[in-house]
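Asker:
Numbering (the UniProt record's numbering), first residue to last: 1 to 313.
1) Residue 88 and residue 220 look like a contact to me (Cβ under 8 Å); what is the Cβ gap, rounded to whole Å?
2) Put residue 289 into one of helix, strand or coil per three-state DSSP.
3) On the three-state DSSP scale, how would you describe residue 86?
4) As a quick exercise: from 90, 73 and 93, pick the residue whose alpha carbon is nearest that of residue 84.
5) How many Å lie between residue 95 and residue 193 at the Cα?
6) For residue 23, which of helix, strand or coil comes out of DSSP?
7) Below 8 Å on the Cβ atoms is my guess for residue 129 versus residue 49; work out the distance and round it to an integer in Å.
8) Considering only residues of the segment 156-223, which uninterrupted alpha helix (DSSP H) runs meet the minimum length of 4 residues and lie entirely inside it, listed in chain order?
9) Quick check on residue 196: buried or exposed, where buried means 16 or more other Cβ atoms within 10 Å of its Cβ?
10) Check for me: the alpha helix (DSSP H) holding residue 67 runs from which residue to which?
11) Which runs of the beta strand (DSSP E) fall wholly inside the segment 79-148 and span at least 3 residues, in chain order?
12) Should residue 210 and residue 179 be called a contact, given that it needs their Cβ atoms to be closer than 9 Å?
13) With DSSP collapsed to three states, give me the class of residue 46.
14) Run through the DSSP bridge pairs and tell me what residue 15 is partnered with.
15) Please report the Cβ distance between residue 244 and residue 156, rounded to the nearest whole angstrom; I am assuming they are in contact, meaning their Cβ atoms lie under 8 Å.
16) How close, in whole Å, do the beta carbons of residue 78 and residue 216 come, if the pair is a contact with beta carbons under 8 Å?
17) Considering just the uninterrupted stretch of the alpha helix (DSSP H) at residue 34, what are its terminal residues?
18) Using a Cβ-Cβ cutoff of less than 6 Å, which residues in the same chain neighbour residue 92 once the five nearest sequence positions on both sides are dropped?
19) Buried or exposed: residue 132, going by 16 or more other Cβ atoms within 10 Å of its Cβ?
20) Check each candidate in 28, 90, 67 and 25 and name the one with the smallest Cα separation from residue 199.
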């Protein structure tokens with residue numbers, strides 16, 4: 001919590017003032033979670049201050065890098081022998097400048113003594129605001145454009161810069177994760193220094209995991225694997241001990257209502273979402289089956305068991 005508050009103060013996210021007549025202040029709360037490594041061990045505990053969403057916003061659209069873009073860039077890495085480095089933007093949404101006038105109550109546990117009746121006037125975006133993702137992307141776009149990067153017309157979260165020595169760097173932004181694809185370490189370090197001078201960054205070095213996908217580089221190229229994710233969802237939905245099969249869903253099968261114990265609609269939706277993530281990234285062999293399953297919302301426990309047995313190694 002203290003680290004989060006320190007980041008907010010360093011970033012000058014707000015200042016204390018009296019609430020103007022006729023204005024209302026919004027509440028905020030603390031959200032806690034565990035950040036896990038790929039082996040499911042705890043990396044660190046995190047806390048984030050968020051505001052109540054859904055008030056005082058106008059334009060909220062913010063682009064997000066496509067899954068296919070990431071795969072294409074990894075393929076280009078193999079073709080042109082590029083290096084992939086990764087950086088993380090600390091408290092990324094706090095970098096965006098607010099255009100609206102928003103007042104927030106002081107966070108619980110950190111009310112300034114002698115200023116109990118004051119409220120926080122937000123200067124920068126804060127997590128929970130609908131416009132926060134857009135403000136962050138606009139800020140990032142402005143900063144990297146000033147350094148000579150140009151965004152890609154097909155994906156506005158991809159930026160390219162050609163240097164005088166014909167070396168090239170490609171940035172791929174996914175919310176607060178930045179992938180840096182470069183032809184040599186010198187230009188990659190130049191870009192890292194530039195980004196660190198404008199944002200509070202964490203340098204993660206050579207990429208190991210991208211969006212939950214583990215990258216393994218060998219003499220044949222780069223292998224994408226989500227075995228750790230598969231193990232996680234098998235355990236979560238109690239399919240870890242099923243007997244594996246080698247073939248996907250038979251398209252000639254007609255789906256029928258399950259007469260046995262059914263899966264709850266909420267859990268069914270969670271399962272479909274987990275399988276969609278898997279099929280989009282590294283397991284296209286289950287895409288058809290997941291698509292068929294996604295048409296329905298309940299009573300398909302038998303077919304769910306079938307697709308999970310396909311994932312077991």
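C-beta: ideal position from N, C-alpha, C; glycine also.
Answerer: Looking at the atomic coordinates:
1) Incorrect: roughly 29 Å between the Cβ atoms, too far for contact.
2) Residue 289 sits in a helix when the DSSP states are folded into three classes.
3) Looking at residue 86 - three-state DSSP - the assignment turns out to be strand.
4) Among 90, 73 and 93, the Cα nearest to that of residue 84 belongs to 73.
5) The straight-line gap separating the alpha-carbon atoms of residue 95 and residue 193 is approximately 18 Å.
6) Note: residue 23 maps to coil in three-state DSSP.
7) Not a contact, Cβ separation roughly 12 Å.
8) Whole alpha helix (DSSP H) segments, 4+ residues: 185-198.
9) So residue 196 ends up on the exposed side.
10) Unbroken alpha helix (DSSP H) run through residue 67: 67-80.
11) The qualifying runs are 83-89 and 119-122.
12) Yes; because the gap between Cβ atoms is below 9 Å, this pair is in contact.
13) Three-state result, residue 46: strand.
14) DSSP links residue 15 through a beta bridge to 121.
15) Not a contact, Cβ separation roughly 41 Å.
16) Contact check for residue 78 and residue 216: beta-carbon distance about 12 Å, past the 8 Å limit, so the pair fails to qualify.
17) Residue 34: not part of any alpha helix (DSSP H); member of the beta strand (DSSP E) spanning 28-36, first to last residue.
18) Cβ within range, chain order: 136 and 176.
19) By the Cβ neighbour-count rule, residue 132 is buried, with 16 or more other Cβ atoms within 10 Å of its own.
20) Taking residue 199 as reference, the option from 28, 90, 67 and 25 with the minimal CA-CA separation is 90.
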